[in-house]
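All remarks here apply to the structure that follows.
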C-alpha cells in the first residue's frame, strides 16, 4: 500500500501532459489529413513534422484545387508567408470550404508586423471564425495592438472567441477562460526556419483529432517544445537540430511527455 | 575448379541488379540534365537526390523558360503536385518541347486520387506519350479504375504502351511484356515527404541514360529501395533518415546493389 | 621576449581572415534583415544558412509586399532561379525600393547560361547598380562573354563598377582594384542544391554589415568555404553534409577562420 504522502494528486499540469499524450496517440491512430496553405520556405519541413506526428499533409495552394483538398481534410492551416496572388485566392476558397464542411482551421499570421497589408488580411480572416491563432510576440503586437502579456493574450482570445497560442521562450495558450504556460523548448528552435510554421501545422493536426481547441493547442506547443529539448541532445547545431527535431517528434511518447512537461 | 553445385547461374534478378549498377554508373559518367516540373514541397529533396545519383537537376516551372531548359535536358519529369496556373502552362510547353526534341519524359500523377480535375489532366497527359508513370496504390486506382494488382499494372502498361512503376511495400515495374517486383525499401520512406517524388525524378534520370525505359524504371526503384535500407541503419528517425538517404544514394555501388537487391 | 624572426607580420591574407571574422561578429551582433527573392528550391536552405550566420531572412516574392520588406531590410538578394511572372515583377519593385532606400543589393544570375531571356534580364539588372554579383564559371561566361580567368573577372568588375565573386574550386573576388583568391571549400558543396544560392545570400548579409562590398564578399566566400571544410568532417555524404554545413556556419569563430583561411 502506498502511504498517503507519496500519493500524487494529478495536478493541472499532469492532466495537460496526459492530454498531449492522448492527442499524439490519436494523431497516430487516425492519421488525419491536414491541408496546409503555407509559405514555400516552410513547406518541406512542415510536411515532415506532420508526417512524424502521424498526420498526412497536403500543400496545394491553387484556387482551383484547394477546395477539393480541404473538403476531405481533418483540419486546415492558413499561413500568410510568401503570400502571392494564387495563395490569396486559395485562402479565400479554402476558408469558405472549411466553414461549409465544418473543417476546423488555424491561422498563422506570419510577418504581419512587417506589412500593413498582411495585417489587414489577418484581421479579416480572424473575423471568419478560425479555431486557433498561433503567432510570436511581434505578430501578437501587430494583431492586437497590445503587449504580449498573459493578460492581453487571454483578453484577445476572449474578445475573438478563439484560442491564442503565443510562442516564445515561454508559450502561452489561452482561450479566455483557461490559460497554460509551457516552458519547454530550446533556443535553436528560433535558429531553424519554419519551426514556428510547423508548430502551427501541428496545432491544426491536433485540432483535427481533439475537439477542444485549447487542449489541442496546448498539446501542439507541448509536443513541439519537448521535441526541441530532446532534439538538442542529438544535435551539433541548428542544421542537425532540424533533422533531430523530426526524429524526436516521431519517437515521442507519453512517458517522455510526462517527464519533460513544464506547464504552469 | 568450381564444383557445378556452387556455380551460380545468373538469374533474371542478378541481371537486373547488374542493369541498375550499370545505369547508376552511366548517371555518374554522363551527368544528364534532368528537368523537373515538380511541386514546391519536393523540390529541394528531389534536387539533392538527383545530384547524389550523378544527375544535374533544374526546376524552373515558368512557361517562358521551361522550353529552353527541356530542350537541353536528357529527360523531363512532370509531377502534378502544387499545381498552380503557371505550372499547368509550363507542363504543356515542356511536353511539347520534349516531344519535338525527342526528350523522354516521366509522369508522377501526385494526389490524382484527391482531385478529379487533376485525374483528368493526368489522363490527357498520358495520351501524349510519356515513357514511364510512377505512382502509388491510391493513384493507380484513380488512374486505371482497377485495383493495384500485378496483373492490372501489367495490363495498364500494355494498353497505354508505357512503363508503370507502382511503388509501395513491394514495387511493381511493368511494361506489358516484362514485369519485376522489387521488395527493397524501408517504412520510413513513407514518413518523409517527397521520397516518392524524388524516386520519380530518379526514374527520369535513369531514362536519360538507359534507352530501355523498363530497365531504367527497375533501376530507379531498386536504387531508391536499397538506399532506403542502408539509410535506415544510419538514422534515428525519419528526420535523420532523409539526410542518410541522400548519403546512401551518393555512396551506392554495384556491390551494394548486388548484395541488397530483392527482385522477383 | 619573442625573437624577431618569429614575429608574424600581418599579411593581406591574415587581414582578410580578420575582416571575415569581424564581419561574422557584426552579423551576430546586428542581426540584419536580409530580403531574398530566391528560387523555391533554395529557400529553406538559404534561410537556415542566414539564420546560422546571425542574419534574419525574409523570402516573400509578391510584388504587392516585397517593397515593404525591402524597405526595412539591411540588404536584398536577387536570385534569378525559378523565375515566374510574380518573381519578375517582384524583382523590379524590390530593386526600385532598394535604390530609393539605399539598401545594397546583390545579384545571383542563376542558370543564365541556359536561357537567353534570363541572360538579358541579368544584363538589365546589372545596369541598375547592384553592389555585388555572385556566380559560377558557366554563368560568368554567359554574363561577360569571356573565360572566367582572374584577369577577366577583374576587368568585368572594373567595367561595371561592382564586386564580382566567382565561386568554384578556387573562388575569385574582385572589384577591379583589389582581388582575392580563396581556396577553401569542399567538393560536396557542388553536390548539395542551393549551396551557391545560399552563399549569394551570405554575400548580401555581409554587405548589410560591412560597408566595403569587396571585403563583404571576400568574408562571405571565406565563411562558406571554411564551413564546407569543417562540415565535411562531420558528414557521411552530401545529405548529412547539408545539415553539418549549417552547424559549421553557426559554430564558426575567428580562430577557425584564421586557422583555415587559404587566401591569395
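Protein chains in written order, with our numbering: chain A, 1 to 264; chain B, 1001 to 1264; chain C, 2001 to 2264.
Beta carbons: idealized from backbone N, C-alpha and C, even for Gly.
Below 8 Å on the Cβ atoms is my contact criterion, and I expect residue i with residue j to pass it. Report the Cβ-Cβ distance as a whole number of Å.
| i | j | result |
| --- | --- | --- |
| residue 34 of chain A | residue 73 of chain A | 6 Å |
| residue 1067 of chain B | residue 1097 of chain B | 4 Å |
| residue 2082 of chain C | residue 1059 of chain B | 6 Å |
| residue 243 of chain A | residue 1228 of chain B | That belief does not hold up - the Cβ atoms of residue 243 of chain A and residue 1228 of chain B are roughly 16 Å apart, past 8 Å. |
| residue 2149 of chain C | residue 1047 of chain B | The pair is not a contact, with the Cβ atoms about 30 Å apart (cut-off 8 Å). |
| residue 2221 of chain C | residue 2182 of chain C | 5 Å |
| residue 1186 of chain B | residue 1127 of chain B | Contact flag wrong, Cβ pair sits at about 35 Å. |
| residue 1106 of chain B | residue 1200 of chain B | 6 Å |
Residue i: buried (16+ other C-beta within 10 angstroms of its C-beta) or exposed?
| i | result |
| --- | --- |
| residue 2002 of chain C | Note that residue 2002 of chain C scores 42 on pLDDT, short of 50, meaning its location in the model is unreliable and no value can be drawn from it. |
| residue 2102 of chain C | exposed |
| residue 2215 of chain C | buried |
| residue 17 of chain A | buried |
| residue 7 of chain A | A caution first: residue 7 of chain A carries a pLDDT of 38, below 50, which makes its placement in the model too unreliable to give a value. |
| residue 2023 of chain C | buried |
| residue 10 of chain A | Bear in mind that the predicted position of residue 10 of chain A carries a pLDDT of just 47, short of 50, making it unreliable; the figure below should be weighed with that in mind. The residue in question, residue 10 of chain A, is exposed, as its Cβ has fewer than 16 Cβ neighbours within 10 Å. |
| residue 2005 of chain C | Residue placement at residue 2005 of chain C is poorly supported in this model, since its pLDDT is 42, which falls under 50; the coordinates still yield a value, given next. With fewer than 16 other Cβ atoms within 10 Å, it is exposed. |
| residue 1028 of chain B | exposed |
| residue 1255 of chain B | exposed |
| residue 1151 of chain B | exposed |
| residue 2147 of chain C | exposed |
| residue 1012 of chain B | exposed |
| residue 2100 of chain C | exposed |
Helix, strand or coil for residue i, going by three-state DSSP, please let me know.
| i | result |
| --- | --- |
| residue 2152 of chain C | helix |
| residue 2247 of chain C | helix |
| residue 2199 of chain C | helix |
| residue 2034 of chain C | strand |
| residue 1039 of chain B | coil |
| residue 1073 of chain B | coil |
| residue 1334 of chain B | Since the first residue shown for chain B is 1001 and the last is 1264, residue 1334 of chain B is missing from the structure and cannot be characterised. |
| residue 1109 of chain B | coil |
| residue 1970 of chain C | Because chain C is modelled from 2001 through 2264, residue 1970 of chain C falls outside the range shown and cannot be assessed. |
| residue 1027 of chain B | helix |
| residue 2263 of chain C | strand |
| residue 2122 of chain C | helix |
| residue 1115 of chain B | coil |
| residue 1173 of chain B | strand |
| residue 2133 of chain C | strand |
| residue 2183 of chain C | coil |
| residue 94 of chain A | helix |
| residue 1192 of chain B | coil |
| residue 2057 of chain C | strand |
| residue 1166 of chain B | strand |
| residue 1078 of chain B | strand |
Among the options, whose alpha-carbon lies nearest the alpha-carbon of residue i?
| i | options | result |
| --- | --- | --- |
| residue 2223 of chain C | C:2167, C:2086, C:2174 | C:2167 |
| residue 1110 of chain B | B:1251, B:1040, B:1162, B:1241 | B:1040 |
| residue 2204 of chain C | C:2192, C:2193, C:2191, C:2218 | C:2218 |
| residue 2104 of chain C | C:2134, C:2082, C:2137, C:2070 | C:2070 |
| residue 2051 of chain C | A:191, A:262, A:154, A:89 | A:191 |
| residue 1174 of chain B | B:1196, B:1202, B:1189, B:1135 | B:1135 |
| residue 2138 of chain C | C:2161, C:2075, C:2196, C:2233 | C:2196 |
| residue 1252 of chain B | B:1014, B:1025, B:1013 | B:1025 |
| residue 202 of chain A | A:13, A:56, A:178, A:91 | A:56 |
| residue 1169 of chain B | B:1159, B:1208, B:1184, B:1132 | B:1184 |
| residue 2079 of chain C | C:2116, C:2225, C:2037 | C:2037 |
| residue 42 of chain A | A:209, A:236, A:198 | A:198 |
| residue 2021 of chain C | C:2143, C:2241, C:2210, C:2247 | C:2210 |
| residue 2212 of chain C | C:2189, C:2065, C:2177 | C:2177 |
| residue 2250 of chain C | A:161, A:237, A:158 | A:237 |
| residue 1207 of chain B | B:1141, B:1245, B:1132, B:1153 | B:1132 |
| residue 1160 of chain B | B:1084, B:1143, B:1086, B:1064 | B:1143 |
Sorry if obvious, but does the Cβ on residue i come closer than 7 Å to a heavy atom of the ligand ADP?
| i | result |
| --- | --- |
| residue 1127 of chain B | In the structure on display, the ligand ADP does not appear, and there are no ligands present to speak of. |
Give the residues of chain D in contact with residue i, contact being defined as C-beta atoms less than 8 Å apart.
| i | result |
| --- | --- |
| residue 2084 of chain C | Considering every chain present, this structure includes no chain D. Its protein chains are A, B and C. |
According to a CB-to-CB cut-off of less than 8 Å, which residues of the segment 2052-2079 of chain C neighbour chain A? Of all residues in the segment 2052-2079 of chain C, 2052, 2057, 2058, 2059, 2060, 2061, 2062, 2064, 2065, 2068, 2069, 2072 have a Cβ within less than 8 Å of some Cβ in chain A.
Chain A contacts from the segment 2237-2259 of chain C (Cβ-Cβ distance under 9 Å): Result list: 2240, 2242, 2243, 2244, 2245, 2246, 2247, 2248, 2249, 2250, 2251.
What residues in the segment 29-53 of chain A bring their beta carbon closer than 7 Å to a beta carbon of chain B? Residues passing the 7 Å Cβ filter: 40, 43, 44, 47, 48, 51, 52.
Which residues, in order along the segment 144-169 of chain A, keep a beta-carbon less than 9 Å from a beta-carbon of chain B? So the list is empty, because no residue satisfies the distance condition.
Residues in the segment 219-235 of chain A with C-beta within 7 Å of chain B's C-beta atoms, listed in sequence order? Only 234 from the segment 219-235 of chain A bring a Cβ to less than 7 Å from some Cβ of chain B.
Using a Cβ-Cβ cutoff of 9 Å, what residues of the segment 2184-2218 of chain C are near chain B? List them in chain order. Across the segment 2184-2218 of chain C, CB contacts with chain B closer than 9 Å involve 2188, 2190, 2191, 2192, 2193, 2194, in sequence order along the chain.
Under 8 Å, CB to CB, which of the residues in the segment 1107-1138 of chain B have a partner in chain A? Flagged, chain order: 1111, 1114, 1115, 1116, 1117, 1118.
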